[in-house]
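K.L.:
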Amino acid sequence: MTGDIRTLLSRHLPGYRVRTVRRLGQGLDNLVYEVNDELLVRRNKAANPETLRQEVARLAAVRELSPLPVPEVVFSDEEWGAIAYRRLPGGPLSTNPVADPRSLARPLADFLSALHGTSPGRMHDLAPVDRYPAPRLLEDAELDYRDVEAHVPAGHRHLVERFLREDPPDEPRSLRFCHNDLGAEHLLVDAASSTITGVIDWTDAAIADPAHDFALIYRDLGPEVFELTLSHYEFDLDAAGRARVLFLARCALIEDLAYGLSTGPAHYADAALAHLTRTFG
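Numbering-wise (my numbering), the sequence shown opens with residue 711 and increments by one.
1. Taking only three categories from DSSP, how would you classify G827?
2. Alpha carbons only, please: which of A921, D880, G800 is nearest the one belonging to I906?
3. With three or more C-beta pairs closer than 8 Å as the rule, is the region 773-783 touching the region 817-836?
4. If we require 4 or more residues per run, which alpha helix (DSSP H) segments fall completely within the region 859-938?
5. So D787 is in the beta strand (DSSP E); what residue range does that whole segment cover?
6. Please go through the region 756-815 and give each complete alpha helix (DSSP H) segment of 4 or more residues, from N-terminal end onward.
7. Is the Cβ-Cβ distance between R797 and E748 less than 8 Å?
8. Could you name the residues that DSSP lists as bridge partners for R733?
9. So, at 8 Å on beta carbons, what are the nonlocal neighbours of G932 in its own chain, with the 5 sequence-adjacent residues on each side left out?
10. Helix, strand or coil for V839? Go by DSSP, reduced to three states.
11. When you compare the CB positions of R753 and P830, do they come within less than 8 Å of one another, or not?
12. Assuming A998 and G970 make a contact with CB atoms under 8 Å, what is their CB distance in whole Å?
13. Counting along the chain, where does the beta strand (DSSP E) carrying V728 start and finish?
14. Is it right to say G893 is buried, meaning 16 or more other beta carbons lie within 10 angstroms of its own, or is it exposed?
15. Please identify the residue among L938, A757, Y726, R832 whose C-alpha is closest to the C-alpha of D820.
16. By DSSP, does L723 sit in helix, in strand, or in coil?
17. So the candidates are W912, P878, H942; which of them puts its Cα closest to the Cα of E782?
18. Just confirm the distance between the C-beta atoms of P882 and A915, as a whole number of angstroms; I'd bet it's less than 8 Å.
19. Taking L750 as part of the beta strand (DSSP E), name the residues at either end of that continuous run.
20. Hey, out of R929, V766, T761, L814, whose CA is closest to L898's CA?
21. What residues in its chain sit with their C-beta under 8 Å from that of P879, if we drop five residues either side in the sequence?
22. For S804, tell me which candidate among I964, I927, R832 has the shortest Cα-Cα distance.
23. Report, in whole angstroms, the separation of the C-beta atoms of D867 and E859, which I expect to be a contact under 8 Å.
24. At which residues does the alpha helix (DSSP H) containing E944 begin and terminate?
25. With contact counted as at least three CB pairs below 8 Å, one residue from each stretch, are the region 758-769 and the region 783-793 in contact?
26. Helix, strand or coil for G974 per DSSP?
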């Protein structure tokens, strides 16, 4: 497979000297390779030219509006379902914890204000509309929980089970452009300076409920960082919005727990269990 990556690079970057190619990881849909410690090449397992064109255009638009660094596309290949970016500095926050997460709140607020303040019409052709209803999310969460219930400490199961018995929140009245998967694994940081060096993986970006972006901040960084981020956010989040944030954070934690205990990296499950009581308490 690394030979395929070399062939791809020779097609788009003739004369570029490839010294090293190593596979970084694999998701449900993609394989990711690092080249010369400076390029990342992602190949989709099922190439979709229209989706790839949309992603390239979306990243170009996001680079114009985001106050935080986002990937710069070097080339894309519709036939191979591949896209190459320049590697951003830093490492994922999920595996590179910072000394003071509160220092991330202001840049996250500025970032979300820029994203959510963008006219949905401007992004209409660059991102799909995501209206997955809350009752369906709650059903999905219950199915996931039943698969992993035995891995949840017995003394904490009542917290999750109480949540699963509650009514889902009302749907949002308006949708905005969102990253839509703003977990710690997609925030690059310099751990030594507690700074954000980039926001990656825009494949799930959508016109959606802004609560989705805040929910993963709540799940991964905790209520204090969530509240501090919200204090710098340019827009209002009313009581109904807060209820959706908490609901989505809890659904996302259950999803990560199930993913980490099945096909995903184990650190997803470890983080989910570590954050369970503060997310469901």
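All C-beta atoms in this analysis are idealised placements derived from N, C-alpha and C, irrespective of residue type, glycine included. The structure presented is a predicted model; accordingly, all values stated were derived computationally and were not measured.
P.N.:
Once the coordinates are examined:
1. Along the sequence shown, read from residue 1 onward, the residue named residue 827 stands at position 117. Coil at G827, not helix or strand.
2. As a first step, residue 906 must be located in the sequence shown, where it is residue number 196. In terms of Cα proximity to I906, the closest of A921, D880, G800 is G800.
3. These segments touch.
4. 867-875
5. For the purposes of this step, residue 787 is taken as residue 77 along the sequence shown, with counting starting at 1. Here the beta strand (DSSP E) through D787 covers 783-787.
6. 759-775
7. Taking the first residue of the sequence shown as position 1, residue 797 is located at position 87. Taking the first residue of the sequence shown as position 1, residue 748 is located at position 38. Going by C-beta atoms, R797 is nearer than 8 Å to E748.
8. Position 23 of the sequence shown holds residue 733. The partner list for R733 (beta bridge, DSSP) reads Y743.
9. Within the sequence shown, the letter at position 222 stands for residue 932. P811, H985, R988, listed in sequence order.
10. The residue given as residue 839 occupies position 129 in the sequence shown. Shown here, V839 sits in a strand according to DSSP, grouped into three states.
11. One-based indexing of the sequence shown puts residue 753 at position 43. One-based indexing of the sequence shown puts residue 830 at position 120. No, they are not a contact pair.
12. Limits of the chain in this structure are 711 at one end and 991 at the other, which puts residue 998 out of reach.
13. Along the sequence shown, one-based indexing puts residue 728 at 18. That residue, V728, is in no beta strand (DSSP E); it is neither H nor E in DSSP.
14. To locate residue 893, count along the sequence shown from 1; it is residue 183. Flag for G893 reads buried.
15. Here residue 820 corresponds to residue number 110 of the sequence shown, with the count starting at 1. When only C-alpha atoms are compared, the closest one is L938.
16. Working through the sequence shown from its first residue, we reach residue 723 at position 13. Coil, per DSSP.
17. Numbered from 1 along the sequence shown, position 72 holds the residue referred to as residue 782. For E782, the nearest C-alpha among the options comes from W912.
18. As a first step, residue 882 is located in the sequence shown; it is residue number 172 there, counting from the start. As a first step, residue 915 is located in the sequence shown; it is residue number 205 there, counting from the start. Their Cβ separation, rounded to whole angstroms, is 17 Å, which puts P882 and A915 out of contact at 8 Å.
19. Residue numbering aside, residue 750 sits at position 40 when the sequence shown is read from its first letter. Its beta strand (DSSP E) spans residues 749-754.
20. Position 188 of the sequence shown, counting from 1, holds the residue named residue 898. For the residues R929, V766, T761, L814, the minimum Cα distance to L898 belongs to L814.
21. The residue labelled residue 879 in the question sits at position 169 within the sequence shown. By the criterion of a C-beta distance shorter than 8 Å, P879 is surrounded in its chain by A844, A950, A953, R954, F957, once the five residues flanking it on both sides are discounted.
22. On the sequence shown, residue 804 is found 94 positions in, with the first residue counted as 1. It is I927 whose Cα lies nearest to the Cα of S804.
23. Your numbering for residue 867 matches position 157 in the sequence shown. Your numbering for residue 859 matches position 149 in the sequence shown. The sequence shown places Arg at residue 867, not Asp. Sure, about 7 Å apart at Cβ, within 8 Å.
24. Here the question's residue 944 lines up with position 234 in the sequence shown. Per DSSP, E944 belongs to no alpha helix (DSSP H) and is neither H nor E.
25. Cβ pair count under 8 Å is three or more, so yes.
26. Taking the first residue of the sequence shown as position 1, residue 974 is located at position 264. If DSSP states are grouped into helix, strand and coil, G974 belongs with coil.
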